[in-house]
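In this note's numbering, the protein residues as written are 421 to 501.
We treat Cβ as the ideally placed atom computed from N, Cα and C, and that holds for glycine.
Read through the structure below, which is laid out as structure tokens, and then see the notes.
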């Protein structure tokens, strides 16, 4: 599942995927950030990407919870640019 949001001059793509481990059901989330105008996000980096994010030590229980968390973390990341 994917969610796209615009935060100021940045376009954010948030992806949530179901865990591959049947003994631990849930979702992981990650995001990538690009500038709308095509310029580098930081230095000469055209894109900033997160690693796989989970909730503490567990997977997210729902896809919406995962996407909401990813969006919150992306907003925090954009605020540091």
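Should residue i be labelled buried (16 or more other beta-carbon atoms within 10 Å of its own) or exposed?
| i | result |
| --- | --- |
| residue 456 | exposed |
| residue 423 | buried |
| residue 471 | exposed |
Throw me the rounded Cβ distance for the residue i and residue j pair, which I believe falls under 8 Å.
| i | j | result |
| --- | --- | --- |
| residue 432 | residue 486 | So it is not a contact: roughly 14 Å between Cβ atoms. |
| residue 489 | residue 501 | The Cβ separation is near 20 Å, so there is no contact. |
| residue 498 | residue 434 | That pair is no contact at about 12 Å. |
| residue 491 | residue 425 | 6 Å |
Can you pull the DSSP bridge partners for residue i?
| i | result |
| --- | --- |
| residue 474 | For residue 474, which the question treats as bridged, DSSP gives no partner whatsoever. |
| residue 469 | 452 |
| residue 433 | 424, 452 |
| residue 480 | 447 |
| residue 462 | 465 |
Ignore the nearest five residues each way along the sequence and tell me which others in residue i's own chain have a CB closer than 6 Å to its CB.
| i | result |
| --- | --- |
| residue 474 | 448 |
| residue 436 | 421, 447, 449, 483, 486, 487 |
| residue 452 | 433, 467, 469 |
Below 7 Å CB to CB, which residues in the same chain sit around residue i once its five sequence neighbours on both sides are set aside?
| i | result |
| --- | --- |
| residue 478 | 446 |
Might you give, ordered along the chain, the residues of its own chain that have their beta carbon closer than 8 Å to the beta carbon of residue i, omitting 5 neighbours on each side?
| i | result |
| --- | --- |
| residue 460 | 466 |
| residue 494 | 425, 427, 432, 434, 451, 453, 470 |
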